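Right, one structure below, let's go through it.
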Amino acid sequence: MSTSRNHRTIINVLANKFALQRPTMESPPKQKLVVVASNNIPKIKATRDGFTQMLPDSYDFRGISVDSNVSDQPFSDEETLRGATNRAQNAQAARIEADFWVGIEGGVETHNGSICSFAWIVVFGKDGKVGKARTSAYFLPERTCQLLKDGVELGHADDMVFGQTDSKNKQGSVGLLTGGVVDRAAYYTQAVILALIPFRNASLDF
């Protein structure tokens, strides 16, 4: 065997050895796109926290401004659920490439002359599944109730009663009333988790 041939053999062996040892570069997993039908900061945070706890994965959360097609301040359980559903549907129409669309709508309803606050969460999946859940409810102080009866939206009523600015993008009504023990994002998060039950239990019909 010639010297040049020996050199080529050694070079080929070393090249193959190096190739075997060279680490492979794996492409990062594709993020799932979750579109939140609002640019409200607590709603986006609640969606992120709910998804990452209930369905751990790699996500890209995006807020989008869409219409609820209900009044600015829904005043019944039915209207509030309809608003959340409309938001999810409108987000889906606007961003059809997403994997999930989330509508969150806050509302109020009367009970024996008093008014309580709550919210509905509706989640659409690209597989056709739909998840829904309602938050717990809490009663509002009389001053806030009167403003609501006068046609003022809850977020603005809270600002007026508590001397705040844009509180709905911060702690929200629930945060103001609980002294920060429960803020608006945390309040929504549990309901987002509950709305994801059909997606976590894909083999079950809901």
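Quick note on numbering: this note's numbering labels position 173 of the sequence shown as 406, and the sequence is numbered without any gaps. Glycine included, every Cβ here is placed at the ideal spot set by N, Cα and C. Please read these numbers as outputs of a predicted model, since none were measured by experiment.
{"Check": "Quick one: using the 10 Å Cβ neighbour count with 16 as the cut-off for buried, is Thr368 buried or exposed?", "Outcome": "buried"}
{"Check": "Hey, which unbroken runs of the beta strand (DSSP E) at 3 residues or more fall wholly within the segment 261 to 322?", "Outcome": "265 to 269, 292 to 296"}
{"Check": "If I follow the unbroken alpha helix (DSSP H) through Phe395, where does it start and stop?", "Outcome": "387 to 395"}
{"Check": "Name the DSSP beta bridge partners of Tyr371, please?", "Outcome": "Ser350"}
{"Check": "Hey, how far is the Cα of Trp353 from the Cα of Leu288?", "Outcome": "20 Å"}
{"Check": "Below 9 Å between beta carbons: does that hold for Ala324 and Gly336?", "Outcome": "yes"}
{"Check": "Got a sec, what are the start and stop residues for the beta strand (DSSP E) Gly339 sits in?", "Outcome": "333 to 344"}
{"Check": "Compute the distance between the beta-carbons of Asp293 and Lys265, then report whether it is under 9 Å.", "Outcome": "yes"}
{"Check": "Taking just the CA atoms, how far does Ile430 sit from Val363?", "Outcome": "10 Å"}
{"Check": "Give me the Cα-Cα distance between Tyr421 and Asn302, rounded to the nearest whole angstrom.", "Outcome": "21 Å"}
{"Check": "Assuming Ser406 and Leu437 form a contact by the criterion Cβ under 8 Å, report the distance between their Cβ atoms to the nearest whole angstrom.", "Outcome": "That belief does not hold up - the Cβ atoms of Ser406 and Leu437 are roughly 35 Å apart, past 8 Å."}
{"Check": "Given that a residue counts as buried once 16 or more other Cβ atoms are within 10 Å of its Cβ, and exposed if not, what is Lys401?", "Outcome": "buried"}
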